[in-house]
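In what follows, a structure is listed as structure tokens, so that the remarks can point back to it.
Number of protein chains: 2
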Amino acid sequence: MEAITHSRGDTFPIGELSRLTGVNIETIRYYERIGMLPAPPRSEGGRRVYDHHHTRVLAFIRRGRELGFTLDEIKALLALGGPERAPCGDVREIAARHLDDIRAKIADLRKLERLLGQTIDRCEGGTAPECPVLDILSPEPRRRA
Amino acid sequence: MEAITHSRGDTFPIGELSRLTGVNIETIRYYERIGMLPAPPRSEGGRRVYDHHHTRVLAFIRRGRELGFTLDEIKALLALGGPERAPCGDVREIAARHLDDIRAKIADLRKLERLLGQTIDRCEGGTAPECPVLDILSPEPRRRA
DNA sequence: CGTGCATCCTGTAGTGACTACAGGAGCAAG
DNA sequence: CTTGCTCCTGTAGTCACTACAGGATGCACG
Chain A
1 MEAITHSRGD
11 TFPIGELSRL
21 TGVNIETIRY
31 YERIGMLPAP
41 PRSEGGRRVY
51 DHHHTRVLAF
61 IRRGRELGFT
71 LDEIKALLAL
81 GGPERAPCGD
91 VREIAARHLD
101 DIRAKIADLR
111 KLERLLGQTI
121 DRCEGGTAPE
131 CPVLDILSPE
141 PRRRA
Chain B
1 MEAITHSRGD
11 TFPIGELSRL
21 TGVNIETIRY
31 YERIGMLPAP
41 PRSEGGRRVY
51 DHHHTRVLAF
61 IRRGRELGFT
71 LDEIKALLAL
81 GGPERAPCGD
91 VREIAARHLD
101 DIRAKIADLR
111 KLERLLGQTI
121 DRCEGGTAPE
131 CPVLDILSPE
141 PRRRA
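First to last, the protein sequences are chains A and B.
Numbering-wise, the UniProt record's numbering puts 68 at position 68 of the first sequence, and it's gapless, one number per residue.
Numbering-wise, the UniProt record's numbering puts 56 at position 56 of the second sequence, and it's gapless, one number per residue.
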């Protein structure tokens, strides 16, 4: 029940970084492997030693993923938001393109929702001679059989 | 410009099945490998020989994928819609669960759309001191820095 | 009958974004 | 010193494909 004491100076191991950010340990190592997250220094025993810089970057990545950005997009955003932080227009462009994708996906899903919802409702009524769900899936409307 | 003549009896090779259903050749072979599509008989030379039964099954799979069903769900639907075609309730359940998934995904995306849209708009006005898109991504609102 | 070339075959590996081990090493408390 | 947790590397699996490489087949045309 004691507070966990890290080695002095705000550094901590991977498990703590995982807890702090909500990102799976395996995923953190994966991010390092693919170059999303800078490789931290190691302890004498070879363990990764993180600090709050890593927390910030990793939380940024996590948030980006939650917002549906790909890792490549996030990598680009990280680069843009880096030390320079100059080209806000570039950032806006990535985000705007992503927003278009999201809107297209929503439109697609809405169409699906309508179709599937109506079909299931017909099924619920029990008025369908054969299963209407299978019928929207079947390419052949099996008329005159 | 002549109509392509298949060997008599409504059988055709994989390329034709691909054209008929709009499913990539590689994908058809993949479906066979994972047991989604029954393996067709082969010609003397070892080529796959399909007939309209395969067309129907493959088109069913394709439609299911377009509707966002997983291959496992489609496999289940195919089994349910098979020779027996009895338990319409089971079919409805799979579809209903899938509809729930779709609705949840739509809700998620809508939230995202709002957040991202508003943020980009703020950026467009040019009134933001630093890039607002990066700011929603950043976990630390950098107040008092 | 030969030739060219489109189509087909198998097998393997790559994609994106992880997740799940196996098999071992380190480390701190009791 | 032992227990048990955390950590390490490396590999392989997931989902639904896609993309080759390297070779065989089949068919129309000359």
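Idealized CB from N, CA, C, for every residue including glycine.
Quick caveat, the model's predicted, so the values are computed rather than measured.
Check, Outcome
"Element boundaries [alpha helix (DSSP H), containing LEU20 (chain B)]", "14 to 21"
"Start-to-end residues for the alpha helix (DSSP H) that takes in ALA76 (chain A)", "71 to 80"
"C-beta atoms of LEU77 (chain B) and HIS54 (chain B) nearer than 8 Å", "no"
"Residues, ordered as in the chain, of the UniProt domain \"HTH merR-type\" (11 to 80) of chain A that lie near chain B by beta-carbon distance below 7 Å", "ARG56, ALA59, PHE60, ARG63, GLY64, LEU67, GLY68 and LEU77"
"Any 3 or more C-beta pairs closer than 8 Å across the stretch 91 to 108 of chain B and the stretch 84 to 103 of chain A", "no"
"Extent of the continuous alpha helix (DSSP H) to which ALA39 (chain A) belongs", "Unbroken run through ALA39 (chain A): none, as it is neither H nor E."
"Three or more C-beta pairs below 8 Å linking the stretch 103 to 118 of chain B and the stretch 57 to 75 of chain A", "yes"
"Helix, strand or coil at ARG48 (chain A) [DSSP, three-state]", "strand"
"Beta carbon proximity, ALA104 (chain B) to chain A, threshold 8 Å", "no"
"CB-CB length for ARG50 (chain B) against ILE74 (chain B), believed under 8 Å", "This sequence places Tyr at residue 50 (chain B); Arg is not what is there. Not quite, the Cβ-Cβ distance comes to about 19 Å (not below 8 Å), so this is no contact."
"Cutoff 8 Å: ARG92 (chain A) Cβ touching any chain B Cβ", "yes"
"8 Å Cβ cutoff met for LEU116 (chain B) and ALA59 (chain A)", "no"
"CA-to-CA distance, PRO40 (chain A) to residue 207 (chain A), given in whole angstroms", "This structure cannot settle anything about residue 207 (chain A), because the visible part of chain A is limited to 1 through 145."
"Supposed close pair ARG62 (chain A), GLY22 (chain A) - CB separation, criterion 8 Å", "7 Å"
"Neighbour list for ARG110 (chain B) in chain A, Cβ cutoff strictly below 7 Å", "ILE106"
"Exposed unless 16 or more other CB atoms sit within 10 angstroms - verdict on ARG48 (chain B)", "buried"
"As assigned by DSSP and simplified to three states, the class of ASP10 (chain A)", "coil"
"For THR119 (chain B) and LEU112 (chain B), the rounded distance between their alpha carbons", "11 Å"
"Proximity to SER43 (chain B) [Cα-Cα], best of B:THR11, B:ARG114, B:ARG122 and B:ALA79", "B:THR11"
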